[in-house]
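First comes the structure, then the notes that go with it.
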Amino acid sequence: MNKQSFLRDRGLSWKRFESLLGRAEAPGKPRLAPEEVSEFSELFRALCYDLAQVRSRDWSSSLERYLNDLVVRGHGAFYGGRPRPRGQALRFLSAGFPRRLRENHGFFWVSLALFAIPLVVSWVVVAMEPSLAHRVLPGTTLYNMEEMYSRDFGEGERQDAAMAGFYVRHNTSIAFQCFALGFFLGIGTIYVLLSNGIQLGTVSGYVIAQGHGERFLGFVCGHSSFELTAIVVAGAGGLILGHAILAPGSLSRAEALKERGRVAVELALGAAAMLFVAAMIEGFWSAQPLPLGVKSLTAAILWIVVIAYLGLAGREGRPS
Amino acid sequence: MSRPEEVSNRVLSDQTFLEIPENVRLGFRLAGPGTRLGAYLLDLGVRSAALYAIVAVLSIALLPFATTGLPVGVYFVVAFVLEWGYGCFFETWWNGQTPGKRAFGLRVIKTEGYAIGFYEAMIRNLLRAADFVPLFYAAGFLTAISNPRLQRIGDLVAGTMVVRERKPILGGELEGLSDYPPFPQEAFRHRYRPSEKTLELIESLFRRRFDLPPARLDEIAFILAEPLGKRLDSFTDRKFARDQPSEFLFRVLSAHRAWIENALEVEPAERAGSRRRASRPAASFS
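If you read the protein sequences in the order shown, they are chains A and B.
Take this note's numbering: the final residue in the first sequence is number 320, and no numbers are missing along the way.
Take this note's numbering: the final residue in the second sequence is number 606, and no numbers are missing along the way.
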């Protein structure tokens, strides 16, 4: 057999395979009939054999390239799963995400500690000695904060929707960065958690010390549940990435990253969904001019919702 | 894995290999940083244009709600979704391609050779934030050039790689060869047929024929044309091979390559006949 007769013999079956492949790759549902699937697999195996033959005989590199690329596509179509995200978003949010978080609760608690401890410490310290706030944040920021909470909300024109949109973008971007920077052995994540904790504590201590406590707490308490928890969850995702590199266990680092990365990104996505809710609350509810009692009651309910959601949603039914 | 040519492949080649269950080794051509930068910049342009277009339409459509800040809020959300979701959306729905990648002939696939899904696309695009550190993808670039599959950080975590795609073409790829009348095989002694390797060599010369000065082209062609010419019967043919070596080689190539284009048009009945035709082993050159 020479190349010419080889091409004559096999060419048409390659062409046939190409046309089946084109349909197998096309998006949409009914792609190949059952008989065609078995024909596909037969042609595919024959094609692999042809490729091996062309290589062993050192025939034409253009032919080798052609067959190689055809096998590559065939391999992808035959063994590769197709993405099917329809209907998964809801299941993910109602069960998958809280489950994932509970499976990795160790990372959550570490992340919480990294965020909450500096927050509380800086809050207490700045509340006792407000001038220390200038060591953490520039004067203009502190001035703006004080200015913001020195007036009642609802004075002048309110732009609730604009603020909500801004919070979606700003807060979620921070959460995603907090997650992604975990790749650097977790250091990036730890930095973001610590610095956000310190800044938040400082602002809280400072604004309250200036005597705007009621307005400040009334504003932040509503969305705090979703927002702060989401930041900690994103941080947990980042720590998982860092941990996969530092302690890959019995896997190679590349394998560990791939395996844990999937888990970590689920936490980041869940955090993003929570931040969306937080932004809506912050934009449309937090600035409402309502008595502190109403606001703190709502805040308490929302905290219970968040804790119940993360702690209970998606549990397997108890065996009866 | 430790065979010398594979080690050298890893260092020098732009290919990566994968062995599949059918016991063949597949080659993938990797996309280098340059091409990927091009695709990235194009995507950046598309993304910005999309943002402006959407904002322009929305600011008109939502004009009645301007006092509530709705248009501004929607702008922020759209900007956010485009920033973080653009790559993920296209790579999921266009099977590993964004408009920029499509324009540059790139595709994201799993390192196992499969199509990527939502999670792979999401991971590699969220981790852009890590690749970007400290400035303009410096970390991503350094990571990519220091691993054999040219994966940036996002690719490492997602288990993906970016490959260059070629259109599978069989035959007909030697444009302009028909300008050279086939050199009859009968002119060779014993109906000599050059080996496939020789023809490959001529082919690669043929593809470069416009890049080389004619004199240099003939100079190179002569190295091969001279021994080939010795297998010719008639004196005039031999003289032709020596005097116009590139022309001669291309005409020899033409005689053996023309059929590729025709080979696949043949009817099945004829194919059955051709199979029985005795195929003698191709004489090897040199």
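Cβ atoms here follow ideal geometry from the backbone N, Cα and C, with glycine treated the same way.
Notebook entry, point to check: What are the partner residues of A:Gln-288, as DSSP defines its beta bridges?
Noted result: Looking at the DSSP assignment, A:Gln-288 forms no beta bridge with any residue, so it has no partner.
Next item on the list: Run the CB neighbour count on A:Lys-295, radius 10 Å, all protein chains shown included, and call it buried at 16 or more, exposed below.
Entry: buried
Check: Are the beta-carbon atoms of A:Ala-234 and A:Leu-267 separated by less than 8 Å?
Finding: yes
Next item on the list: Could you tell me which of B:Pro-454, B:Glu-403 and B:Gly-433 sits nearest to B:Arg-349, measuring between CA atoms?
Entry: B:Gly-433
Next item on the list: Please state whether DSSP places B:Gln-335 in a helix, a strand or coil.
Entry: strand
Notebook entry, point to check: According to DSSP, which residues form a beta bridge with B:Phe-508?
Noted result: B:Leu-552
Note to self: Within the continuous beta strand (DSSP E) that includes B:Leu-346, where are the two ends?
What the structure shows: 345-349
Check: Starting from B:Val-366 and walking both ways along the alpha helix (DSSP H), at which residues does that stretch end?
Finding: 353-381
Checklist line | Where B:Arg-486 meets chain C, residues with beta-carbon distance less than 8 Å | finding: Any reference to chain C falls outside this structure, whose protein chains are A and B.
Note to self: Helix, strand or coil for A:Ala-77? Go by DSSP, reduced to three states.
What the structure shows: helix
Note to self: Taking beta-carbon pairs under 9 Å, can you tell me which members of the segment 222-239 of chain A lie near chain B?
What the structure shows: none
Notebook entry, point to check: From A:Leu-302 to A:Gly-74, what distance separates their C-alpha atoms?
Noted result: 51 Å
Checklist line | Interface partners of A:Leu-181 on chain B, CB under 8 Å | finding: Ala-449, Ala-450 and Val-453
Checklist line | Environment of A:Ala-272 [buried if 16+ CB atoms lie within 10 Å] | finding: buried
Next item on the list: Using three-state DSSP, classify B:Ala-435 as helix, strand or coil.
Entry: strand
Check: Run through DSSP, which three-state label would B:Thr-418 get?
Finding: coil
Next item on the list: State the Cα-Cα distance for the pair A:Tyr-79 and A:Phe-276, rounded to the nearest angstrom.
Entry: 37 Å
Note to self: Let me see if you follow: with CB-CB separation under 8 Å, is A:Met-148 close to chain B or not?
What the structure shows: no
Notebook entry, point to check: A:Leu-51 bridges to which residues according to DSSP?
Noted result: In DSSP, A:Leu-51 forms no bridge with anything.
Notebook entry, point to check: When the cut-off is 8 Å and only beta carbons count, does A:Val-168 lie next to chain B?
Noted result: yes
Notebook entry, point to check: Are the segment 298-317 of chain A and the segment 438-449 of chain B touching, with three or more C-beta to C-beta distances below 8 Å?
Noted result: no
Notebook entry, point to check: Considering only residues of the same chain and omitting the five flanking positions on each side of B:Phe-424, which have a CB-CB separation below 6 Å?
Noted result: Thr-355, Gly-358 and Ala-359
Notebook entry, point to check: Got a sec, what are the start and stop residues for the alpha helix (DSSP H) B:Thr-480 sits in?
Noted result: Here B:Thr-480 belongs to no alpha helix (DSSP H); instead the beta strand (DSSP E) covers 480-484.
Notebook entry, point to check: Under 8 Å between the Cβ atoms of B:Phe-385 and A:Arg-169?
Noted result: no
Next item on the list: Could you name the residues that DSSP lists as bridge partners for B:Ile-429?
Entry: B:Ala-435 and B:Met-481
Next item on the list: Out of A:Gly-22, A:Gly-201 and A:Ala-244, state which residue places its alpha-carbon closest to the alpha-carbon of A:Leu-119.
Entry: A:Gly-201
Notebook entry, point to check: Should A:Ser-56 be counted as a contact of the ligand GTP given a C-beta to heavy atom distance under 7 Å?
Noted result: The ligand GTP is absent from the structure shown, which contains no ligand whatsoever.
Check: Got a sec: is the Cβ-Cβ distance from A:Asp-152 to anything in chain B below 8 Å?
Finding: no
Next item on the list: Kindly list, in the order they appear in chain A, the residues whose Cβ is closer than 8 Å to that of B:Lys-517.
Entry: Asp-58
Note to self: Checking 8 Å against the spacing of the C-beta atoms, do B:Pro-419 and B:Asp-475 come in under that value?
What the structure shows: no
Item checked: Closest residue to A:Trp-109 among A:Gly-293, A:Glu-282 and A:Ile-240 (Cα-Cα distance) -> A:Ile-240
Next item on the list: Look at the alpha carbon of B:Lys-559 and the alpha carbon of B:Ser-524, and state the distance between them as a whole number of angstroms.
Entry: 24 Å
Notebook entry, point to check: Can you list, in chain order, the residues of its chain whose CB lies under 8 Å from that of B:Leu-361, leaving out five sequence neighbours each side?
Noted result: Gly-420
Notebook entry, point to check: Hey, is A:Thr-189's beta-carbon within less than 8 Å of any beta-carbon in chain B?
Noted result: no
Next item on the list: Return the chain-ordered list of same chain residues with a C-beta closer than 8 Å to the C-beta of B:Phe-605, the five sequence neighbours on each side being excluded.
Entry: For B:Phe-605, the predicted structure reports a pLDDT of 37, less than 50, and the residue's modelled location is therefore unreliable. A value from the coordinates is still provided. Excluding positions up to five away in sequence, the list reads Pro-514, Ser-515, Lys-517, Thr-518, Pro-547 and Leu-548.
Next item on the list: Check whether the segment 187-201 of chain A touches the segment 243-254 of chain A, taking contact to mean three or more Cβ pairs, one atom from each stretch, closer than 8 Å.
Entry: no
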